[in-house]
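Engineer: I am attaching a structure below and will ask some questions about it afterwards.
Number of protein chains: 2
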Amino acid sequence: MEKKSIPDIVVGRLPLYLRSIQRMAQEGRKVTSSQELGERLGISAAQIRKDLSQFGEFGKQGTGYQINYLINQLSKILHVDRIWDIAIVGAGDVGNAVVRYQGFANRGFRISMIFDNDPAKIGTQMGDFIVRNTANLIEDIREQNVKVAMIAVPANQGQKVADQLIKAGVKAILNYAPISLYVPADVYVQYIDPAIHLQRMTYYLD
Amino acid sequence: MEKKSIPDIVVGRLPLYLRSIQRMAQEGRKVTSSQELGERLGISAAQIRKDLSQFGEFGKQGTGYQINYLINQLSKILHVDRIWDIAIVGAGDVGNAVVRYQGFANRGFRISMIFDNDPAKIGTQMGDFIVRNTANLIEDIREQNVKVAMIAVPANQGQKVADQLIKAGVKAILNYAPISLYVPADVYVQYIDPAIHLQRMTYYLD
DNA sequence: TAGATTGTTAATCGATTAACAATC
DNA sequence: TAGATTGTTAATCGATTAACAATC
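In order, the protein sequence lines correspond to chains S and Y.
Counting in numbering that gives the first Met the number 0, the final residue of the first sequence is number 205, and the numbers go up one at a time with none missing.
Counting in numbering that gives the first Met the number 0, the final residue of the second sequence is number 205, and the numbers go up one at a time with none missing.
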């Protein structure tokens, strides 16, 4: 009997739930409800209960959800009950911002290497790292068994870098280059393009 | 008679269509089809035709879509047939990356000011701008009639900054702070949080 | 013309919501 | 206990797809 498959749209909301209850925990809160969580996120309480119920019974009638317990469960579900090493490709302004980003702490990730193909940058310090040569990308990533990477290079180099990452065994790519990538079915891609997000809003402005 | 309302999920795909055909134009292409565009984006041809047909008839049977014409039409629909000034709040690493970002050219946006509340940063140069004092945010933004802003401050300052932006008349906020914002119904928010995107992928990894 | 591709309809598929029994 | 809130079902709502007449 197959494990029933969870809709991707549900998976996409779980990290929001996790972020929100982690914040509640920081605030010293111990218990929450689907209603409170929904108000914080702008999502209906029914949807939150339905989403969570796909994975188990995490709450108690009458009282709600123990925050610490739900954090643990969601972390396991999302596989961030461990630390994923991340490789960054591109040591420009975006790569620089990500390599120094403090927001990965307690969220399951840490930067472990950064690459560039510019001789002027290779070997220099960036954040806590020495910029590596993209020419060695495949062997370096393979050697350290890195499975998650970020692409922070210009659009015209994005696909080439993606191809190398895939060859190196990377299975999850966060792409800051403003292009769609072609990848095999067992590789996951997420996109961050500020202009795309902005255009989604200007539609509604006059 | 009311103008029929377009689903937000459709609006969300239009910027992807626009980016893709702008890229085709750069490649020297003149004409495309819903099928080709769909292959580039991993979206079905039927969906692309249906989405576009919500706004008019932009193609010709047998031949497809004139790229330049479709770029013009989509730019108008998304209101990027003009240049929107953008204010950035937060002159840390993320603010620095965004203020220098070259990717807004031809996409309807330009950075016009950046703020920080750190006396060590106020008055210094960042990219093409002098960092302004967040204390003057409301008057500065009002004076220049800026309607679009980005939040690039720590999580615990995000809501406070959002409240100021709204008071200043901003209607669209791209939020890099890892929190959900409360905003009035006439203000639009989009979120960029790399950890959220990464967790969406690690779910599928083992 | 013959071939290709649109715009659109109807059918299918999937996601959200409302409601409530169960139960803490 | 009485009140509150879950987990779940069924109904509703919305989005996607398949198919094809229209037509370039």
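Note that the Cβ used here is the ideal one computed from N, Cα and C, for glycine as well.
Along chain S, in chain order, which residues have C-beta atoms closer than 8 Å to that of T201(Y)?
Structural biologist: Correct list: L77, H78, V79, W83, G107, V147, A171.
Engineer: Identify, in the order they occur along the chain, each residue of the same chain with its Cβ nearer than 7 Å to the Cβ of A139(S), setting aside the five sequence neighbours on each side.
Structural biologist: Correcting the residue identity first, residue 139(S) is Asp in this sequence and not Ala. Answer for D139(S): M112, R131, listed in chain order.
Engineer: If you count every other CB in all the chains shown that lies within 10 Å of the CB of K29(S), and 16 or more means buried, which is it?
Structural biologist: Classification of K29(S): exposed, given that the 10 Å Cβ count is below 16.
Engineer: With C-beta atoms as the reference, is V160(S) less than 9 Å away from A176(S)?
Structural biologist: Yes. Within cutoff.
Engineer: Since F54(Y) sits in a beta bridge, which residues does DSSP pair it with?
Structural biologist: BP columns for F54(Y) are empty, so no partner.
Engineer: I believe I66(S) touches M23(S) by the beta-carbon criterion, under 8 Å. Please report the beta-carbon distance rounded to the nearest angstrom.
Structural biologist: That belief holds up - the Cβ atoms of I66(S) and M23(S) are roughly 5 Å apart, short of 8 Å.
Engineer: What does the Cβ neighbour count give for A96(S), buried or exposed, with the cut at 16 atoms within 10 Å?
Structural biologist: When all chains shown are included, A96(S) counts as buried.
Engineer: Quick one: using the 10 Å Cβ neighbour count with 16 as the cut-off for buried, is T123(S) buried or exposed?
Structural biologist: With fewer than 16 Cβ atoms within 10 Å of its Cβ, T123(S) is classed as exposed.
Engineer: Can you pull the DSSP bridge partners for V88(Y)?
Structural biologist: DSSP output for V88(Y) lists F114(Y), I150(Y) as bridge partner(s).
Engineer: For the beta strand (DSSP E) that contains Q143(Y), what are its first and last residues?
Structural biologist: First-last for Q143(Y): undefined, no H or E at that position.
Engineer: In the DSSP assignment, find the beta strand (DSSP E) that holds G63(S) and state where it starts and stops.
Structural biologist: Looking at the DSSP string, the run of the beta strand (DSSP E) that includes G63(S) is 63-65.
Engineer: Is DSSP giving T31(S) helix, strand or coil here?
Structural biologist: In the structure shown, T31(S) sits in a strand (DSSP, three-state: E or B).
Engineer: Excluding the five sequence neighbours on either side, which residues of its own chain have a C-beta within less than 7 Å of the C-beta of Q53(S), listed in chain order?
Structural biologist: Closer than 7 Å at Cβ, skipping near neighbours: I5, V9.
Engineer: Output yes if chain S places a C-beta closer than 9 Å to the C-beta of D192(Y); else output no.
Structural biologist: Yes, D192(Y) counts as interfacial toward chain S.
Engineer: Of the choices N105(S), A90(S), I47(S), A86(S), whose alpha-carbon is the least far from that of M125(S)?
Structural biologist: Nearest option by C-alpha distance: A90(S).
Engineer: Measure how close the beta-carbons of Q189(Y) and H196(S) come, nearest whole angstrom, since I'm counting them as under 8 Å.
Structural biologist: Correct: roughly 4 Å between the Cβ atoms.
Engineer: Is V186(S) helix, strand or coil by DSSP?
Structural biologist: Residue state, collapsed to three classes: coil.
Engineer: With the cut-off set at 9 Å, would you say I82(S) and R109(S) are in Cβ contact?
Structural biologist: Yes, they are a contact pair.
Engineer: Could one say the Cβ of Y206(S) lies closer than 9 Å to chain Y's Cβ atoms, at least one of them?
Structural biologist: What the structure shows of chain S is the stretch from 0 to 205, and residue 206(S) is not part of that stretch, so it cannot be assessed.
Engineer: Which residues in chain Y have a C-beta closer than 9 Å to the C-beta of R141(S)? List them in chain order.
Structural biologist: Per Cβ cutoff of 9 Å: no residues; R141(S) is ~16 Å from chain Y at best.
Engineer: Would you verify that the beta carbon of S179(Y) is, or is not, closer than 9 Å to some beta carbon of chain S?
Structural biologist: Chain S, which has a Cβ nearer than 9 Å to the Cβ of S179(Y), makes this yes.
Engineer: Roughly how many angstroms separate the alpha carbons of Q207(S) and Q21(Y), rounded to a whole number?
Structural biologist: Outside the shown range of chain S, which is 0 to 205, sits residue 207(S), and nothing can be said about it.
Engineer: What's the call for Y202(S), buried or exposed, on a 16-neighbour Cβ count within 10 Å?
Structural biologist: Classification of Y202(S): buried, given that the 10 Å Cβ count is 16 or more.
Engineer: From the beta carbon of D117(S), is the nearest beta carbon of chain Y less than 9 Å away?
Structural biologist: Not closer than 9 Å to any Cβ of chain Y, the Cβ of D117(S) fails to qualify, so no.
Engineer: Look up K59(S) in the DSSP assignment and give the residues it is bridged to.
Structural biologist: Bridge partners of K59(S): G63(S).
Engineer: Just reading off the alpha helix (DSSP H) that I195(S) is part of, what are its end residues?
Structural biologist: It spans 193-201 - the alpha helix (DSSP H) in which I195(S) sits, taken as one unbroken run.
Engineer: Tell me whether D162(S) is buried or exposed, calling it buried when 16 or more other Cβ atoms sit within 10 Å of its Cβ.
Structural biologist: That one is exposed.
Engineer: Looking at the strands, I want to know which residues DSSP matches up with L173(S).
Structural biologist: M149(S), Q189(S).
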